[in-house]
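Here is the structure we will look at.
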Amino acid sequence: MEKVIDLGDATIEHIYPQNAKTNDKDNDIEPLKQTLGNLTFFGSHDNVAASNKSFTEKRVANYASSAVAMTADLALLPSWTVNSVSAREQLMLDAAVRVFTI
Numbered sequence: 000m001e002k003v004i005d006l007g008d009a010t011i012e013h014i015y016p017q018n019a020k021t022n023d024k025d026n027d028i029e030p031l032k033q034t035l036g037n038l039t040f041f042g043s044h045d046n047v048a049a050s051n052k053s054f055t056e057k058r059v060a061n062y063a064s065s066a067v068a069m070t071a072d073l074a075l076l077p078s079w080t081v082n083s084v085s086a087r088e089q090l091m092l093d094a095a096v097r098v099f100t101i
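At position 6 of the sequence shown the residue is numbered 5 (numbering that gives the first Met the number 0), and the sequence of numbers has no breaks.
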């Protein structure tokens with residue numbers, strides 16, 4: 000059964016946090032934190048709960064239980080890397096082309 004997501008309650012979640020804690024900073028991903036591949040959808044309550052946690056913390060505590068498939072899929076990844084961001088961005092662009100074809 001498909002679940003309808005209320006976009007009125009949806010927020011944009013940064014997978015690699017906007018304000019990573021010093022010990023969680025990744026200098027390779029920092030320049031990519033505002034790119035499409037580093038973003039996903041969350042309910043507003045979920046976004047507050049995830050806050051600026053690391054990917055490892057959010058993967059189990061927040062992503063695995065998400066009702067949004069593209070967010071829940073993040074729980075299957077062992078880590079969040081530059082390659083992960085790039086691959087996810089390409090998947091999202093491909094999906095957008097399929098959805099928004101004229």
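Just so it is clear, CB atoms sit at the ideal spot from N, CA and C, and this is done for glycine as well. As the structure is a computational prediction, the values presented were derived from the model and not from experiment.
Counting C-beta pairs with one atom in each stretch, the segment 31 to 43 and the segment 60 to 80 have three or more that are closer than 8 Å, which means they touch.
For Ala19, the three-state secondary structure derived from DSSP is coil. Taken through DSSP and simplified to helix, strand or coil, Thr70 comes out as helix. Lys20 and Gln89 have their C-alpha atoms roughly 27 Å apart. In its chain, beyond the 5 residues on either side, no residue has a beta carbon closer than 7 Å to the beta carbon of Pro30. Here the alpha carbons of Ala49 and Ser64 stand approximately 12 Å from one another. A distance below 7 Å between beta-carbons, with the five flanking residues on each side excluded, links Asp27 to the following residues of its chain, in chain order: Val81.
In the displayed model, Leu38 falls within a strand according to three-state DSSP. Here Asn18 is exposed: its Cβ has fewer than 16 other Cβ atoms, across all protein chains shown, within 10 Å. For Thr100, there is no enclosing alpha helix (DSSP H), as DSSP marks it with neither H nor E.
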